[in-house]
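Engineer: In numbering that gives the first Met the number 0, the protein residues as written are 0 to 96.
Using N, Cα and C, we set each Cβ at its ideal position, and we do this for glycine too.
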Amino acid sequence: MKKLGLLVRLEAKRGKEKNVEEFITSALPLANEEARTITWYAFRIDASTFGIFDTFSDEEGREAHLGGKIAKALMENAPELLATAPSIEKLDVLAAK
Numbered sequence: 000m001k002k003l004g005l006l007v008r009l010e011a012k013r014g015k016e017k018n019v020e021e022f023i024t025s026a027l028p029l030a031n032e033e034a035r036t037i038t039w040y041a042f043r044i045d046a047s048t049f050g051i052f053d054t055f056s057d058e059e060g061r062e063a064h065l066g067g068k069i070a071k072a073l074m075e076n077a078p079e080l081l082a083t084a085p086s087i088e089k090l091d092v093l094a095a096k
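(1) Per DSSP, which residues does residue 48 bridge with? Please list them.
(2) Hey, could you find the ends of the beta strand (DSSP E) residue 88 is sitting in?
(3) Determine the burial state of residue 44: buried for a count of at least 16 other Cβ atoms within 10 Å of its Cβ, exposed for fewer.
(4) In terms of alpha-carbon separation, which member of 54, 74, 10, 72 lies closest to residue 48?
(5) Would you mind working out which of 15, 75, 21, 39 sits nearest residue 60, comparing C-alpha positions?
(6) If we ignore side chains and look at the alpha-carbon of each, how far apart do residue 88 and residue 28 end up?
Printed below as a string of structure tokens:
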């Protein structure tokens with residue numbers, strides 16, 4: 000059951016928009032390897048703003064994701080790709096279909 004989530008907002012540096020898009024979409028195989036990540040979405044809000052939304056059944060799964068390969072790669076590449084630090088918000092899922 001999807002009970003917890005993460006909402007990550009990413010603002011690309013000027014000229015790095017395509018790189019950010021490629022970076023987050025290339026993370027799908029890594030997300031598929033995470034047994035405790037129930038759903039994982041990469042999306043675009045506007046020309047330079049992107050995001051990731053994922054859900055978990057428990058805090059252990061969410062923390063495992065935050066300490067996993069995707070988060071590590073994001074933090075390593077953030078200075079080159081992003082205009083600001085990633086905004087990472089923990090949330091509770093109230094309802095889902």
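Structural biologist: Working from what's here:
(1) 10
(2) 86-91
(3) exposed
(4) 10
(5) Ranking 15, 75, 21, 39 by Cα distance to residue 60 puts 39 first.
(6) 23 Å
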